[in-house]
């Protein structure tokens, strides 16, 4: 073998070794601070590394906007986020969904008092309705779409307010609002089941949605297709261990009973429709930021 061939082979080996040693940065949009990321998502990172043979570092972000900017600047490679956040991130960065976090009973509802004489969505016209955090998929966008599905415009036909779920629950109980738009599963397991001052039958679900699109792990547009495929295949092939890791911390209890599934962008067109219904058809900024 010539010296030139030997040196070329050594260079190629060095390049291959450098590529395989690359570390990928991963962020979670609703978790601030490295300490919380390590506590809540550390087991997931460990299992992800085992499943793929790749190395990952946590990259804390202070907001959804910071996550999008980090993807655009290629300082973050993968992000765990929700459906409403994905719509804006995709618009701003062309990031793509890899794996859906299939949450059980992930849907929204419009809840009223059973004694209020409200029997149809039309009865809410002109009334005050409380929704959750601005930009929330299940506590704002979905309930607004649910109202529109029954021909009630959530922007012009009701007096809408935004507040925390527990405050909305108390306001409904006191009669200060006529209805609340909620993540049904979270409301049932949280405010309703913990409220011993009234029976469960004090409240009535006026309407509920079908299951919502999944939370997800998404990949930045700069991440090579072969790396995206490696992650997708590795996660699906090792889903039992990865699900156990995700649900190891109590902060991730919403994922108990979850499945991990492959997903495509088209599944989120429903959420785009929700944005439009709520009066935000551009998809280019995070509501509430």
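Residue numbers (mature numbering (1 follows the signal peptide of the UniProt record, and there is no 0)): -21 to -1, 1 to 268. Note that beta-carbon positions come from the ideal geometry of N, C-alpha and C, so glycine has one too. What you are looking at is a predicted structure, and each value in this text was computed from that prediction instead of being measured.
Check the DSSP bridge columns for residue 238 and list the partner residues they point to. 81
When the distance is taken between beta carbons, is residue 185 closer than 8 Å to residue 100? For residue 100 and residue 185, yes; Cβs fall inside 8 Å.
DSSP three-state call for residue -10: helix, strand or coil? Only weak support is given to the placement of residue -10: the predicted model assigns it a pLDDT of 41, under 50, and the value that follows is read from those uncertain coordinates. Note: residue -10 maps to helix in three-state DSSP.
Which parts of the region 128 to 194 are runs of the alpha helix (DSSP H), unbroken and 4 residues or longer, counting only runs that do not cross its ends? 144 to 153 and 163 to 166
Assuming the contact rule is C-beta atoms closer than 8 Å, residue 55 and residue 6 should be a hit. Round their C-beta distance to whole Å, please. 5 Å
Which term fits residue 178, buried or exposed, when burial requires 16 or more other beta carbons within 10 angstroms of its beta carbon? exposed
Using DSSP's beta-bridge definition, name the partner residues of residue 87. 162
DSSP three-state call for residue 265: helix, strand or coil? In the displayed model, residue 265 falls within coil according to three-state DSSP, outside both helix and strand.
Answer yes or no: do residue 237 and residue 83 have a C-beta to C-beta separation smaller than 8 Å? yes
Mapping the DSSP letters down to three states, classify residue 97 as helix, strand or coil. coil
Straight-line gap, residue 47 to residue 105 (C-alpha atoms, nearest Å): Going by the C-alpha atoms only, they are around 38 Å apart.
Contact between the region 150 to 157 and the region 212 to 220 is defined here as three or more beta-carbon pairs at a separation below 8 Å; is this criterion met? no
Three-state secondary structure assigned by DSSP to residue 38: In the structure shown, residue 38 sits in coil (DSSP, three-state: anything other than H, G, I, E or B).
For the alpha helix (DSSP H) that residue 47 lies in, which residues bound it at each end? 43 to 51
Using 8 Å as the cut-off, can you tell me whether the region 72 to 81 makes contact with the region 224 to 244, which would need three or more C-beta pairs spanning the two stretches below that distance? The region 72 to 81 vs the region 224 to 244: in contact.
Test item: CB-CB of residue 158 and residue 115 under 8 Å: no
Pairing CB atoms from the region 127 to 143 with CB atoms from the region 164 to 180, are three or more of them under 8 Å? no
Helix or strand or just coil, what does DSSP make of residue 200? Here residue 200 sits in coil by DSSP.
Endpoints, the beta strand (DSSP E) within which residue 226 is located: No beta strand (DSSP E) holds residue 226; DSSP gives it neither H nor E.
Residue 35 and residue 24 - do their beta-carbons sit closer together than 8 Å? yes
Through-space distance from residue 112 to residue 249, alpha-carbon basis: 19 Å
Here's a check: name, in chain order, each residue in its chain whose Cβ is nearer than 8 Å to the Cβ of residue 68, leaving out the five neighbours to either side. Apart from the 5 residues on each side of it in sequence, residue 68 sits with its Cβ closer than 8 Å to the Cβ of 43, 46, 47, 50, 58, 60, 74 and 197 in its chain, given in chain order.
Do residue 119 and residue 52 count as a contact pair if the criterion is CB distance below 8 Å? no
Could you give the residue range of the beta strand (DSSP E) that holds residue 257? Note, residue 257: premise wrong, no beta strand (DSSP E); not H, not E.
Which same chain residues end up closer than 6 Å to residue 246 when comparing Cβ atoms and leaving out the 5 residues on each side of it in sequence? 192
Is the beta carbon of residue 19 sitting closer than 8 Å to the one on residue 224? no
So, is residue 32 buried or exposed, given that buried needs 16 or more other C-beta atoms within 10 angstroms? exposed
Does residue 205 pass the burial test, meaning 16 or more other C-beta atoms within 10 Å, or should it be called exposed? exposed
Beta-carbon proximity list for residue 12, same chain, < 6 Å, skipping 5 on both sides: 39
Does the Cβ of residue 162 have 16 or more other Cβ atoms within 10 Å, making it buried, or fewer, making it exposed? buried
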